[in-house]
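Take a look at the structure set out below.
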Amino acid sequence: MPRRPPGVRARALGAELRELRAATKLSTRAVAERLGWAYSTVNRIETGKRKTTTDEVSALLVVYDVKGEERDRLIELTREVDQPGWWETSGSPWLRSQLTALIAFENTASLIASHPSVRIPGLLQTPDYARALLRSAELPEYAIESMVAMRVGRQTTLTKPGAPEYVAVIDEAALRRPVGGAATMADQLSHLLKQATRTNITIQAVPFSLGAHTGLDGAFLVLAFPKASTVVHLENKRGGVFLDQPNDVHPYVEALSTLQKVALSPDETIGFIQSIAVEYEQME
């Protein structure tokens, strides 16, 4: 019987445990020695390739000095690790633990495909555009700057050696909505044109002239991996959901394929974005 690929909860839990270990500046070998484990055990827990127990996670959290509500949350996630999908809400929308998992998934994906509906996708946003978006949500200024820095840091996954293939299908509404004003949008569209020249990045625009299309149902992110099941991430103001069951993932993969077929080609998109950028430049 083939080995079942790691589920999204196991991989998300592993990503959080890896981040906690990194904060202590301990290697996997050092942690294993403290616990009397094989160091490969720690590695496999962190990658979600090994089913772990609440006792094992409790032991790791003692080493990482994690207590209180954070410890309880991670223990609960461990109990639910075999369940499909993962939904989480947060009282502090700018400090979501899901973001740790999302970053880990982006860093290990072979393909990232985004349909952000009515905004420029996060991995292609300029700092000023991201800042304007976050200010519209009326977040505290310290939270805004922290999130902008994190968003810019995430973008390095597209330029690192062995970077994943990245596909962004962007609705014309996102290109025309003047987030941050004309100058910010002119700079943002210039950034899109520059990124579109990278061999691993494909940008396609969906013009208003197309009318209704399947992407109007909402934003989604598809992440494919060499040795694990494809994951879909859906986000809203209070949290998000990871999907990894084939029956849940397939409709989004199909929607992405349909969008790419009806959208402008990458070459047509460049000319389309250039024409909108000129309009913003004339407004400045």
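Using full-length UniProt numbering, read the sequence shown as starting at 1 and increasing by one per residue. Quick reminder that beta carbons are idealized off the backbone N, C-alpha and C, glycines included.
Own chain partners of isoleucine 144 with C-beta closer than 8 Å, once the 5 adjacent residues on each side are dropped: Your numbering for residue 144 matches position 144 in the sequence shown. So the list reads Trp94, Arg131, Leu134, Arg135, once near-sequence residues are dropped.
Top-ranked residue by Cα proximity to isoleucine 203, from Val148, Val167, Ser58: Position 203 of the sequence shown, counted from the first residue, corresponds to residue 203. Minimum Cα distance to isoleucine 203 is reached at Val167.
Residue span of the beta strand (DSSP E) that contains serine 114, given as start and end: Position 114 of the sequence shown, counting from 1, holds the residue named residue 114. 111-115 is the span of the beta strand (DSSP E), which, as asked, contains serine 114.
8 Å Cβ cutoff met for residue 312 and phenylalanine 225: Summary: the structure shown does not reach residue 312, with the chain confined to residues 1 through 284, and so no result is reported for it.
In chain order, each alpha helix (DSSP H) run of at least 4 residues that lies wholly inside the stretch 123-149: As for any alpha helix (DSSP H) of minimum length 4 sitting wholly inside the stretch 123-149, the runs are 127-136, ordered along the chain.
Assigned secondary structure, glycine 91 (DSSP; H/G/I helix, E/B strand, else coil): Sequence index remark: in the sequence shown, residue 91 carries index 91 (1-based). Bear in mind that the predicted position of glycine 91 carries a pLDDT of just 46, short of 50, making it too unreliable to give a figure here.
Short Cβ contact (8 Å threshold) for alanine 149 with alanine 15: Walking along the sequence shown from the start, residue 149 turns up at place 149. Walking along the sequence shown from the start, residue 15 turns up at place 15. Going by C-beta atoms, alanine 149 is not nearer than 8 Å to alanine 15.
Whole-angstrom C-beta distance between glycine 215 and residue 285, which should lie under 8 Å: The chain is shown from 1 up to 284; residue 285 falls before or after that span and cannot be answered.
Where histidine 233 falls: helix, strand or coil (DSSP): Within the sequence shown, numbered from 1, the residue matching residue 233 stands at position 233. Reduced to three states, the DSSP call for histidine 233 is strand.
CA-to-CA distance, valine 118 to alanine 173, given in whole angstroms: For the purposes of this step, residue 173 is taken as residue 173 along the sequence shown, with counting starting at 1. For the purposes of this step, residue 118 is taken as residue 118 along the sequence shown, with counting starting at 1. The alpha-carbon atoms of alanine 173 and valine 118 are separated by roughly 6 Å.
Under the three-state DSSP convention, the category phenylalanine 225 falls into: Locating residue 225 in the sequence shown gives position 225, where the first residue counts as 1. In this structure, phenylalanine 225 counts as coil in the three-state DSSP scheme.
Buried versus exposed, by CB contacts within 10 Å (16 or more), methionine 283: Numbered from its first residue, the sequence shown carries residue 283 at position 283. With fewer than 16 Cβ atoms within 10 Å of its Cβ, methionine 283 is classed as exposed.
Inter-residue CB distance, valine 152 and proline 127 (contact presumed, cutoff 8 Å): Counted from its first residue, the sequence shown places residue 152 at position 152. Counted from its first residue, the sequence shown places residue 127 at position 127. With a Cβ gap of about 6 Å, valine 152 and proline 127 count as contacting.
Alanine 168 in three-state terms, based on DSSP: Taking the sequence shown and counting its residues from 1, the one referred to as residue 168 is at position 168. Here alanine 168 sits in strand by DSSP.
Tyrosine 129 classed as buried or exposed, judged by whether at least 16 other C-beta atoms fall within 10 angstroms: The residue given as residue 129 occupies position 129 in the sequence shown. Taking every protein chain shown into account, the CB of tyrosine 129 has 16 or more other CB atoms within 10 angstroms, so this residue is buried.
Serine 40 burial status per 10 Å Cβ neighbour count (16 or more: buried): Looking up residue 40 in the sequence shown gives position 40. By the neighbour-count rule (16 or more Cβ atoms within 10 Å), serine 40 is not buried but exposed.
Distance between valine 249 and proline 207 (C-alpha atoms, nearest Å): Taking the sequence shown and counting its residues from 1, one reaches residue 207 at position 207. Taking the sequence shown and counting its residues from 1, one reaches residue 249 at position 249. Approximately 26 Å, taken between the alpha carbons.
Distance CB(glutamine 188)-CB(isoleucine 270) smaller than 8 Å: Sequence index remark: in the sequence shown, residue 188 carries index 188 (1-based). Sequence index remark: in the sequence shown, residue 270 carries index 270 (1-based). Going by C-beta atoms, glutamine 188 is not nearer than 8 Å to isoleucine 270.
Contacts around leucine 61, its chain only, beta-carbon distance under 6 Å, and the 5 residues preceding and following it disregarded: Translated into the one-based positions of the sequence shown, residue 61 becomes position 61. For leucine 61, where only same-chain residues beyond five positions count, the Cβ hits under 6 Å are Arg71.
Reduced DSSP secondary structure (H/G/I, E/B, other) of isoleucine 120: Locating residue 120 in the sequence shown gives position 120, counting from the first residue. Three-state DSSP puts isoleucine 120 in coil, outside helix and strand.
Start-to-end residues for the beta strand (DSSP E) that takes in valine 31: For the purposes of this step, residue 31 is identified with residue 31 of the sequence shown, where counting begins at 1. No beta strand (DSSP E) contains valine 31, which is instead part of the alpha helix (DSSP H) from 28-35.
Leucine 243 (DSSP reduced to helix, strand or coil): Counting from one through the sequence shown, the residue named residue 243 turns up at place 243. If DSSP states are grouped into helix, strand and coil, leucine 243 belongs with the strands.
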